[in-house]
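Q: After the structure tokens below, expect a handful of questions from me.
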Amino acid sequence: TGALAARDANGRWTFQPDARRAVLGAAGETNVGIMAPQVAAILRAGRAGADEALLAEGLKGLEQLRAHRIPRGAQVWEVPLHAPDILASAIACDAFTLGYTLTGDRRYLADADYWARTALPFIYHWQHPRPDLAPMRGGTIPVFGATFYTNSWFGRLVQWNGLALARALFQLQRAGGEARWARVAEDITVSAMRQQVADPQSPLVGLYPDFWNMRTGIPGYWMSPTPILARALEAVGETPEGDWRVIRNDGRLVTLAAPTPAANLRLNHEPMAACGEASGSFTLSFDLRYELGPAAYLGLSGVASPAAVRVDGTALPAGLGGGETAGWQHYPDQALLVLRLDHRQREQVAVVLEGLQAADPAAPPREWRFGSGPDGWDGDPHEVTAAWEQGRLILTATGDDPYLSGPPLALPATGIKQVVVRARVTSAGPLTIFFATDSGGYSEQQLLRTAPIPADGRWHEVSAKAANHPRWTGQLRRLRLNPPGSRGAVTEIAAIALR
115 TGALAARDAN GRWTFQPDAR RAVLGAAGET NVGIMAPQVA AILRAGRAGA DEALLAEGLK
175 GLEQLRAHRI PRGAQVWEVP LHAPDILASA IACDAFTLGY TLTGDRRYLA DADYWARTAL
235 PFIYHWQHPR PDLAPMRGGT IPVFGATFYT NSWFGRLVQW NGLALARALF QLQRAGGEAR
295 WARVAEDITV SAMRQQVADP QSPLVGLYPD FWNMRTGIPG YWMSPTPILA RALEAVGETP
355 EGDWRVIRND GRLVTLAAPT PAANLRLNHE PMAACGEASG SFTLSFDLRY ELGPAAYLGL
415 SGVASPAAVR VDGTALPAGL GGGETAGWQH YPDQALLVLR LDHRQREQVA VVLEGLQAAD
475 PAAPPREWRF GSGPDGWDGD PHEVTAAWEQ GRLILTATGD DPYLSGPPLA LPATGIKQVV
535 VRARVTSAGP LTIFFATDSG GYSEQQLLRT APIPADGRWH EVSAKAANHP RWTGQLRRLR
595 LNPPGSRGAV TEIAAIALR
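Going from the sequence shown to my numbering is simple: count from 1 and add 114.
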């Protein structure tokens, strides 16, 4: 990742100013605000992919953070490196909370609590009666210092800094921290709400300011209220960034990511702690409530294919076809399990995953024959209906741009000379194959075409040469197949291979 590459020869992240910012601190110095964003990014990436190597690097970063005890250095685009900084408190708290939820080591929870406490001096904890100071309680001063040593931030609220802290505090409390942290986060969120433009006739309605001068009562610049909404959702127990849970299975990392809180979470039929521990194959069960649409997706990283998936006591069918039909799919090359749950009849469903076990990603496939499911190939439900039958995918165009997207890939393009497809069609024409690599996504400059397929009711094997394409370089990331014809055309695919 970029965070790993940004370290110096000693494995540290340091301040590297340009000419204009050289007055803010010496190049090569470091502190918690310089390091914590990088450490948190590494830990979050390790969690998402159940990546033990990234987790190990992130934990090394947490050990480096322990050498620093003063929050400073998170806003060095304009503030001196040494200035005490609430954003540094927030990000350090977030990093150590991640460390705790990934390992179950309560020392990290204590560290997160320490960094939360370092933020308290930046917050107004009382309310002045003046009407123009309504946002005072819960208002947050960004730094004890000045922009380029001249523009002081004392007495000026910068609530987007505070909302970053509120995010860290809500997550700390949810992970097992004290209940008081949620109360502090709620104060910060309410202050942000009081800073929003309330006049429904104003073109700025709903926005909140980049800063609020408490001495004059004058706000400045205007920002999207998205983080206010996210914090308000957290205040009532929702998880706008998803509910992430971690299990250590024989010492290996398994991650559950759900769109809403996984309630009544149980590991082997027992309530699960912040970081669960399991030996051998295990069972995971929880209730999931979802109100935002007919289907909810959730995933487990770092696992082999499960023995069984049940929803409300009924086996969930294997395979993720087109549309919103409930099902599950395991991707061995990513050690990833994806579930699609049907919430059309019930907002809350009970999920049971049996026979789970940690696993490493397998080598990415180079061929798909659809013997047990669509193998991660799916169509846009607005353009095509995709159905799976034993050994084939059946695509019926419903829009003007029907296409089939493949699963994520990580294959060196130079080792692949052609894309081979076995298909039959009702509308004659070539298959168009768009490809995405490290250097770019689908475009008219990144496509291949096969020879035309006749509409004669027979199966045909066609290929698209890739070896000489100027953009067929680096890592191949994904394929998209556009069949011939438009609305009503039917294309059946029995195999796709990279050779």
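All C-beta atoms in this analysis are idealised placements derived from N, C-alpha and C, irrespective of residue type, glycine included. Just so you know, these numbers come straight off a predicted model, no measurement behind them.
1. Opposite VAL193 in the DSSP bridges: which residues?
2. When we look at the beta-carbon of PRO245 and count the other beta-carbons within 10 Å, is it buried (16 or more) or exposed?
3. For ILE610, name the three-state secondary structure that DSSP assigns.
4. Only counting the same chain, and skipping five residues up and downstream in sequence, which positions put a Cβ closer than 6 Å to that of ARG366?
5. TRP482 and ILE610 look like a contact to me (Cβ under 8 Å); what is the Cβ gap, rounded to whole Å?
6. Return helix, strand or coil for VAL298, following the three-state DSSP convention.
7. Using beta-carbon positions only, say whether LEU279 and ALA312 come within less than 9 Å of one another.
8. Would a C-beta distance cut-off of 9 Å place PRO516 and LEU509 closer than the cut-off?
9. Are ASP489 and PRO522 closer than 9 Å when you measure CB to CB?
10. Consult DSSP for ASP335 and reduce its assignment to one of helix, strand or coil.
11. Starting from GLY485, follow its DSSP beta bridges and name the residues at the other end.
12. Between GLY175 and TRP491, what straight-line distance do the alpha-carbon atoms span, to the nearest angstrom?
13. Compute every distance between the C-beta of GLN309 and the non-hydrogen atoms of the ligand MN, then say whether any falls below 8 Å.
14. Once the 5 residues before and after ALA377 are set aside, which same chain residues still bring their CB inside 6 Å of it?
15. Looking at LEU168 and ALA209, is the spacing between their C-beta atoms short of 9 Å?
16. Under DSSP, the alpha helix (DSSP H) around ASN275 begins and ends at which residues?
17. What whole-angstrom Cβ distance do LEU283 and ALA296 have, given they're in contact under 8 Å?
18. For the alpha helix (DSSP H) containing PHE210, list its first residue and its last residue.
19. May I ask you to report which of helix, strand or coil DSSP gives TYR263?
20. Taking GLY571 as the reference, which of VAL604, GLY331, GLU497 has the closest Cα?
21. Does DSSP put GLN462 in a helix, a strand or coil?
22. Pull up the CB-CB distance for PRO446 and TYR404, whole angstroms please, since I reckon it's below 8 Å.
23. Grab me the residues of PRO598's own chain with a C-beta within less than 8 Å of its C-beta, minus the 5 sequence neighbours each way, in chain order.
24. What number of angstroms, rounded off, separates the C-alpha of TRP267 from the C-alpha of ALA150?
25. Do the CB positions of PRO339 and LEU347 come within less than 9 Å of each other?
26. Cβ of ARG591 within 9 Å of Cβ of GLN559?
27. By Cβ distance below 7 Å, which residues in the same chain neighbour ASP301 in space, the five residues on each side in sequence not counted?
28. Just curious, the alpha helix (DSSP H) that LYS174 is in, first and last residue?
29. Going by DSSP, what residue range makes up the alpha helix (DSSP H) through TRP229?
30. Output the distance between the C-alpha atoms of GLY554 and GLN152, rounded to the nearest integer angstrom.
31. Tell me where the beta strand (DSSP E) around GLN152 begins and ends.
32. Using C-beta distances below 6 Å, list every residue in its chain close to GLY160, excluding the 5 sequence neighbours before and after it, in chain order.
33. Candidates GLY588, VAL535, ARG186: which alpha carbon is nearest ARG594's?
34. For PHE396, which of GLY407, HIS574, ARG380 has the nearest alpha-carbon?
35. Using C-beta distances below 6 Å, list every residue in its chain close to LEU451, excluding the 5 sequence neighbours before and after it, in chain order.
A: From the atom records:
1. For this step, residue 193 is matched to residue 79 along the sequence shown. Note: VAL193 sits in no beta bridge, so no partner.
2. As a working note, residue 245 is residue 131 in the sequence shown. PRO245 comes out exposed.
3. For this step, residue 610 is matched to residue 496 along the sequence shown. Note: ILE610 maps to strand in three-state DSSP.
4. The count along the sequence shown starts at 1 and reaches residue 366 at position 252. If we look at ARG366 and ignore the five residues flanking it on each side, its Cβ neighbours are ALA472.
5. Sequence index remark: in the sequence shown, residue 482 carries index 368 (1-based). Sequence index remark: in the sequence shown, residue 610 carries index 496 (1-based). With a Cβ gap of about 5 Å, TRP482 and ILE610 count as contacting.
6. Taking the first residue of the sequence shown as position 1, residue 298 is located at position 184. The answer is helix: DSSP assigns VAL298 an H, G or I state.
7. For the purposes of this step, residue 279 is taken as the residue at position 165 of the sequence shown. For the purposes of this step, residue 312 is taken as the residue at position 198 of the sequence shown. Using a Cβ distance threshold of 9 Å, LEU279 and ALA312 do not count as a contacting pair.
8. Within the sequence shown, numbered from 1, the residue matching residue 516 stands at position 402. Within the sequence shown, numbered from 1, the residue matching residue 509 stands at position 395. It is a contact, given that the beta carbons lie within the stated cut-off.
9. Position 375 of the sequence shown, counted from the start, is the residue given in the question as residue 489. Position 408 of the sequence shown, counted from the start, is the residue given in the question as residue 522. Not closer than 9 Å, so no.
10. Numbered from 1 along the sequence shown, position 221 holds the residue referred to as residue 335. Note that residue 335 is Tyr in the sequence shown here, rather than Asp. In the structure shown, TYR335 sits in a strand (DSSP, three-state: E or B).
11. Translated into positions along the sequence shown, residue 485 becomes position 371. Looking at the DSSP assignment, GLY485 forms no beta bridge with any residue, so it has no partner.
12. Position 61 of the sequence shown holds residue 175. Position 377 of the sequence shown holds residue 491. Taking the straight line joining both Cα atoms gives about 38 Å.
13. Looking at this structure, you won't find the ligand MN or any other ligand, since it has none at all.
14. As a working mapping, residue 377 is identified with position 263 in the sequence shown. Excluding sequence neighbours, ALA377 sits near ASP401.
15. To locate residue 209, count along the sequence shown from 1; it is residue 95. To locate residue 168, count along the sequence shown from 1; it is residue 54. Cβ atoms of ALA209 and LEU168: not closer than 9 Å.
16. Position 161 of the sequence shown, counted from the first residue, corresponds to residue 275. Start and end: 273-289.
17. What you label residue 283 is simply residue 169 of the sequence shown in a count that begins at 1. What you label residue 296 is simply residue 182 of the sequence shown in a count that begins at 1. About 7 Å; that satisfies the 8 Å criterion.
18. Within the sequence shown, residue 210 is the residue found at index 96, counting from 1. Run containing PHE210: 200-217, per the alpha helix (DSSP H) assignment.
19. Here residue 263 corresponds to residue number 149 of the sequence shown, with the count starting at 1. Three-state DSSP puts TYR263 in coil, outside helix and strand.
20. Your numbering for residue 571 matches position 457 in the sequence shown. When only C-alpha atoms are compared, the closest one is VAL604.
21. The count along the sequence shown starts at 1 and reaches residue 462 at position 348. In the three-state reduction of the DSSP assignment, GLN462 falls in the strand class.
22. Here residue 446 refers to the residue found at position 332 of the sequence shown. Here residue 404 refers to the residue found at position 290 of the sequence shown. The beta-carbon separation of PRO446 and TYR404, rounded to 27 Å, does not stay under the 8 Å limit for a contact.
23. Working through the sequence shown from its first residue, we reach residue 598 at position 484. Excluding residues within five positions, the ones whose Cβ falls inside 8 Å are VAL539, SER541, ALA542, GLY543, PRO544, LEU545, PRO566, ILE567, THR605.
24. Position 153 of the sequence shown, counted from the first residue, corresponds to residue 267. Position 36 of the sequence shown, counted from the first residue, corresponds to residue 150. Approximately 22 Å between the Cα atoms of the pair.
25. As a working mapping, residue 339 is identified with position 225 in the sequence shown. As a working mapping, residue 347 is identified with position 233 in the sequence shown. Contact flag unset, no.
26. Against the sequence shown, residue 591 aligns to sequence position 477. Against the sequence shown, residue 559 aligns to sequence position 445. For ARG591 and GLN559, no; Cβs fall outside 9 Å.
27. Reading the sequence shown from its first residue, position 187 is the one you call residue 301. Cβ within range, chain order: ARG251, GLY252.
28. Within the sequence shown, numbered from 1, the residue matching residue 174 stands at position 60. That run of the alpha helix (DSSP H) goes 166-179.
29. Locating residue 229 in the sequence shown gives position 115, counting from the first residue. Element bounds for TRP229: 220-232.
30. The residue you call residue 554 lines up with position 440 of the sequence shown. The residue you call residue 152 lines up with position 38 of the sequence shown. Each residue's alpha carbon lies about 25 Å from the other.
31. Against the sequence shown, residue 152 aligns to sequence position 38. Here GLN152 belongs to no beta strand (DSSP E); instead the alpha helix (DSSP H) covers 146-163.
32. In the sequence shown, residue 160 corresponds to position 46, counting from 1. Here the set comprises LEU168, LEU169, GLY172.
33. The sequence position of residue 594 within the sequence shown is 480, counting from 1. That would be VAL535, whose Cα lies nearest to the Cα of ARG594.
34. Residue 396 sits at position 282 when you count from the first residue of the sequence shown. Out of GLY407, HIS574, ARG380, ARG380 has the C-alpha closest to the C-alpha of PHE396.
35. To locate residue 451, count along the sequence shown from 1; it is residue 337. Excluding positions up to five away in sequence, the list reads LEU414, VAL417, HIS444.
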